[in-house]
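*Asks:* Residue numbers (the numbering used here), protein chains in the order written: chain A, 8 to 144; chain B, 8 to 144. Every residue, glycine too, gets a C-beta built ideally from N, C-alpha and C.
There are 2 protein chains.
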Amino acid sequence: MAAKQNIEEGTNFTPKFDSNGLIRTIAQDAKTGQVLMAAFMNRQALDLTIQTGFATYFSTSRQKLWKKGEESGHTQKVEQILVDCDQDCLLLKVTVDAGQCHVGYQSCFYRALKKGSSKELEFIAEKVYNPEKTYKK
Amino acid sequence: MAAKQNIEEGTNFTPKFDSNGLIRTIAQDAKTGQVLMAAFMNRQALDLTIQTGFATYFSTSRQKLWKKGEESGHTQKVEQILVDCDQDCLLLKVTVDAGQCHVGYQSCFYRALKKGSSKELEFIAEKVYNPEKTYKK
Numbered sequence: 008m009a010a011k012q013n014i015e016e017g018t019n020f021t022p023k024f025d026s027n028g029l030i031r032t033i034a035q036d037a038k039t040g041q042v043l044m045a046a047f048m049n050r051q052a053l054d055l056t057i058q059t060g061f062a063t064y065f066s067t068s069r070q071k072l073w074k075k076g077e078e079s080g081h082t083q084k085v086e087q088i089l090v091d092c093d094q095d096c097l098l099l100k101v102t103v104d105a106g107q108c109h110v111g112y113q114s115c116f117y118r119a120l121k122k123g124s125s126k127e128l129e130f131i132a133e134k135v136y137n138p139e140k141t142y143k144k
Numbered sequence: 008m009a010a011k012q013n014i015e016e017g018t019n020f021t022p023k024f025d026s027n028g029l030i031r032t033i034a035q036d037a038k039t040g041q042v043l044m045a046a047f048m049n050r051q052a053l054d055l056t057i058q059t060g061f062a063t064y065f066s067t068s069r070q071k072l073w074k075k076g077e078e079s080g081h082t083q084k085v086e087q088i089l090v091d092c093d094q095d096c097l098l099l100k101v102t103v104d105a106g107q108c109h110v111g112y113q114s115c116f117y118r119a120l121k122k123g124s125s126k127e128l129e130f131i132a133e134k135v136y137n138p139e140k141t142y143k144k
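If you want it as structure tokens, here you go:
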């Protein structure tokens, strides 16, 4: 299939948005390699991210554009935008300050499944800021 | 909201599957930190992953369970399963051999948007194996 080969082996950036107009996006700390969060972008969020150099997502809970850090100040400066083989997922390499998760942790992935359990999580990180002080009520 | 707090600050593993019964899953090389791929799991794939210690996904293109590497041999030994704050995304830390992407690269993220462009990709990796030799026709 020529189309498939173009998508996988070509240099045209043709991000594939799903039926809701969204594409999965992962943010990774460009320096440490830590995966910080997973979110979605719509076309406009992607365009704004490319234009401004700062990550803008589409919040599925609030159903609106969301410039990361607009409220908390914890923005993401985009160093590189990678796309996967079938172009339905983006990976942003970002430069960040301390505290990327709204719960107070550096990464949203602050818990892991306990060894030998299928139901119990354990915390693998410490909070790096106090979200109650950061987010206005 | 107590429910929200339990999900975000608790130790009960309650992965949130979407309306299609799927949860986003990211695989990251446990040793190098490289993000290898993004995929989906359904409940059964997650259970099999936990039980066997090897990553099993749900292939949305083939609409079936897919043990990573069942055809290519490039399996993923799961070292740790992380979950994000709202428990709608998983992050697997995996031990892998060379070549995790079916196109021939170590990671599915082998291209990046060119600086200053919104349309043109550049390759940022070299192939590590020949997929034509690996996949049976």
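Please classify A/A62: does DSSP put it in a helix, a strand, or coil?
*Replies:* Working through the first sequence from its first residue, we reach residue 62 of chain A at position 55. DSSP places A/A62 in coil when its eight states are reduced to three.
*Asks:* DSSP three-state call for B/L98: helix, strand or coil?
*Replies:* By 1-based counting over the second sequence, the position of residue 98 of chain B is 91. Residue state, collapsed to three classes: strand.
*Asks:* Need the endpoints of the beta strand (DSSP E) that B/E129 sits in, please.
*Replies:* Residue numbering aside, residue 129 of chain B sits at position 122 when the second sequence is read from its first letter. Its beta strand (DSSP E) spans residues L128 to F130.
*Asks:* Examine chain B for any beta-carbon lying closer than 8 Å to the beta-carbon of A/Q107, and answer yes or no.
*Replies:* What you label residue 107 of chain A is simply residue 100 of the first sequence in a count that begins at 1. Chain B, which has no Cβ nearer than 8 Å to the Cβ of A/Q107, makes this no.
*Asks:* Here's the rule: buried if 16 or more other CB atoms are within 10 angstroms of the residue's CB, otherwise exposed. What is A/A105?
*Replies:* The count along the first sequence starts at 1 and reaches residue 105 of chain A at position 98. With fewer than 16 Cβ atoms within 10 Å of its Cβ, A/A105 is classed as exposed.
*Asks:* Starting from B/G40, find everything on chain A with Cβ-Cβ shorter than 7 Å and list it in chain order.
*Replies:* Residue numbering aside, residue 40 of chain B sits at position 33 when the second sequence is read from its first letter. Here the neighbours are G40.
*Asks:* For a contact defined as C-beta to C-beta under 8 Å, what are the partners of B/K126 on chain A?
*Replies:* Start at 1 with the first residue of the second sequence, and residue 126 of chain B comes out as number 119. The answer, in chain order, is N19 and F20.
*Asks:* Tell me which residues share the same chain as B/E127 and place their Cβ nearer than 8 Å to its Cβ, disregarding the 5 neighbours each side in the sequence.
*Replies:* Sequence index remark: in the second sequence, residue 127 of chain B carries index 120 (1-based). Around B/E127: L120 and K121.
*Asks:* Assuming A/L99 and A/I88 form a contact by the criterion Cβ under 8 Å, report the distance between their Cβ atoms to the nearest whole angstrom.
*Replies:* Within the first sequence, numbered from 1, the residue matching residue 99 of chain A stands at position 92. Within the first sequence, numbered from 1, the residue matching residue 88 of chain A stands at position 81. The pair is a contact, with the Cβ atoms about 6 Å apart (cut-off 8 Å).
*Asks:* Classify A/Q35: buried if its beta carbon has 16 or more other beta carbons within 10 angstroms, exposed otherwise.
*Replies:* Taking the first sequence and counting its residues from 1, one reaches residue 35 of chain A at position 28. Buried, since its Cβ has 16 or more Cβ neighbours within 10 Å.
*Asks:* Say whether chain B places a C-beta atom closer than 8 Å to the C-beta of A/Q70.
*Replies:* To locate residue 70 of chain A, count along the first sequence from 1; it is residue 63. No, A/Q70 does not count as interfacial toward chain B.
*Asks:* Please confirm whether A/Q51 has its beta-carbon closer than 8 Å to some beta-carbon of chain B.
*Replies:* Walking along the first sequence from the start, residue 51 of chain A turns up at place 44. No, no contact with chain B.
*Asks:* Give the single residue among A/S114, A/N19 and A/L29 whose Cα lies nearest to the Cα of A/H81.
*Replies:* Taking the first residue of the first sequence as position 1, residue 81 of chain A is located at position 74. The candidate whose alpha carbon is nearest that of A/H81 is A/S114.
*Asks:* Return the CA-CA distance between B/M48 and B/K75, expressed in angstroms with no decimal places.
*Replies:* For the purposes of this step, residue 48 of chain B is identified with residue 41 of the second sequence, where counting begins at 1. For the purposes of this step, residue 75 of chain B is identified with residue 68 of the second sequence, where counting begins at 1. Roughly 11 Å between the two C-alpha positions.
*Asks:* Determine whether the Cβ of A/V90 lies closer than 8 Å to any Cβ atom of chain B.
*Replies:* Within the first sequence, residue 90 of chain A is the residue found at index 83, counting from 1. Yes, its Cβ sits closer than 8 Å to a Cβ of chain B.
*Asks:* Between which two residues does the alpha helix (DSSP H) carrying A/E139 extend?
*Replies:* In the first sequence, residue 139 of chain A corresponds to position 132, counting from 1. Segment P138 to T141, the alpha helix (DSSP H) holding A/E139.
*Asks:* Counting only the same chain and skipping the five closest in sequence on each side, list residues whose C-beta sits under 7 Å from that of A/I131.
*Replies:* Taking the first sequence and counting its residues from 1, the one referred to as residue 131 of chain A is at position 124. Within the same chain, A/I131 has close Cβ partners Y117, R118 and A119.
*Asks:* What in chain B is Cβ-close to A/M5, meaning under 9 Å?
*Replies:* Lying outside 8 to 144, the shown extent of chain A, residue 5 of chain A is not represented and no answer is given.
*Asks:* A/T18 and B/E129 look like a contact to me (Cβ under 8 Å); what is the Cβ gap, rounded to whole Å?
*Replies:* Here residue 18 of chain A refers to the residue found at position 11 when the first sequence is read from its first residue. Here residue 129 of chain B refers to the residue found at position 122 when the second sequence is read from its first residue. About 7 Å separates the two Cβ atoms, so the contact holds.
*Asks:* Please identify the residue among B/H109, B/S125, B/M44 and B/G60 whose C-alpha is closest to the C-alpha of B/T32.
*Replies:* As a first step, residue 32 of chain B must be located in the second sequence, where it is residue number 25. Taking only the C-alpha atoms, the option nearest B/T32 is B/M44.
*Asks:* With 16 other CB atoms within 10 Å as the buried threshold, where does B/A10 fall?
*Replies:* Position 3 of the second sequence, counted from the start, is the residue given in the question as residue 10 of chain B. B/A10 comes out exposed.
*Asks:* Is B/R118 helix, strand or coil by DSSP?
*Replies:* In the second sequence, the residue the question calls residue 118 of chain B occupies position 111. B/R118: strand per DSSP, three-state reduction.
*Asks:* On the premise that A/P22 lies in contact with A/L55, defined as a C-beta separation below 8 Å, what is that separation, rounded to the nearest angstrom?
*Replies:* In the first sequence, residue 55 of chain A corresponds to position 48, counting from 1. In the first sequence, residue 22 of chain A corresponds to position 15, counting from 1. No, A/L55 and A/P22 are not in contact; Cβ-Cβ is about 14 Å, not under 8 Å.
*Asks:* Considering only DSSP beta bridges, list what B/I33 is partnered with.
*Replies:* For the purposes of this step, residue 33 of chain B is identified with residue 26 of the second sequence, where counting begins at 1. BP columns for B/I33 point to B/A45 and B/L98.
*Asks:* Taking its Cβ as the centre, do 16 or more other Cβ atoms sit within 10 Å of A/Y142, making it buried, or is it exposed?
*Replies:* Taking the first residue of the first sequence as 1, we reach residue 142 of chain A at position 135. Counting Cβ neighbours within 10 Å, A/Y142 comes out exposed, since fewer than 16 surround it.
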